[in-house]
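Asks: In my numbering, the protein residues as written are 12 to 107.
Note that the Cβ used here is the ideal one computed from N, Cα and C, for glycine as well.
This structure is in structure tokens; I'll ask about it shortly.
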Amino acid sequence: MTIIKHGFNKYLPARFWLAGPLALILSIVIMAASPLWLPHKENHLYHMVFPVILFPLIWSLCFFYPLLETSLKRATLVMSSMLVLNIALIVFSLFL
């Protein structure tokens with residue numbers, strides 16, 4: 012009997028950090044930055060409601076992406092760049 016070993020277990024700790032704490036932090040930051048890039052309406056309530064309603068979807072995408080991505084470097088790069096871009100958007104909106 013031949014046992015096939017996959018390389019997934021080797022990267023399990025890195026995937027844990029990407030899919031665990033980083034996914035939660037990224038989804039919270041995206042939720043905080045989303046009123047800045049959502050279209051403006053007369054009623055500003057939509058800017059507060061849509062991020063709260065979409066938070067489970069945002070979190071699930073941030074959680075499953077590093078688990079399903081084949082390249083761990085690409086998952087790290089995409090999630091880190093999303094985090095930096097949304098933080099920069101928040102910081103620039105606060106100071107400008």
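#1: Hey, I101 and A44: beta-carbon distance below 8 Å or not?
#2: Any contact of the segment 55-67 with the segment 79-94, i.e. 3+ C-beta pairs under 8 Å?
#3: How long is the line joining the alpha carbons of S92 and L23, rounded to whole angstroms?
#4: Report the rounded CA-to-CA distance for K21 versus F74, giving the unit in angstroms.
#5: According to DSSP, is K84 helix, strand or coil?
#6: Leaving out five residues before and five after S38 in sequence, what residues of the same chain have Cβ atoms less than 7 Å from its Cβ?
#7: What's the gap between the Cα of Y76 and the Cα of L29?
Replies: Checking against the coordinates, here is how it stands:
#1: Yes; because the gap between Cβ atoms is below 8 Å, this pair is in contact.
#2: With a cut-off of 8 Å, the segment 79-94 and the segment 55-67 do not count as touching, because too few Cβ pairs lie within range.
#3: So the two alpha carbons sit approximately 21 Å from each other.
#4: Straight-line Cα distance between these residues: approximately 19 Å.
#5: Correct three-state label for K84: helix.
#6: Excluding residues within five positions, the ones whose Cβ falls inside 7 Å are F66, I69, W70, C73.
#7: Whole-angstrom Cα-Cα distance: 9 Å.
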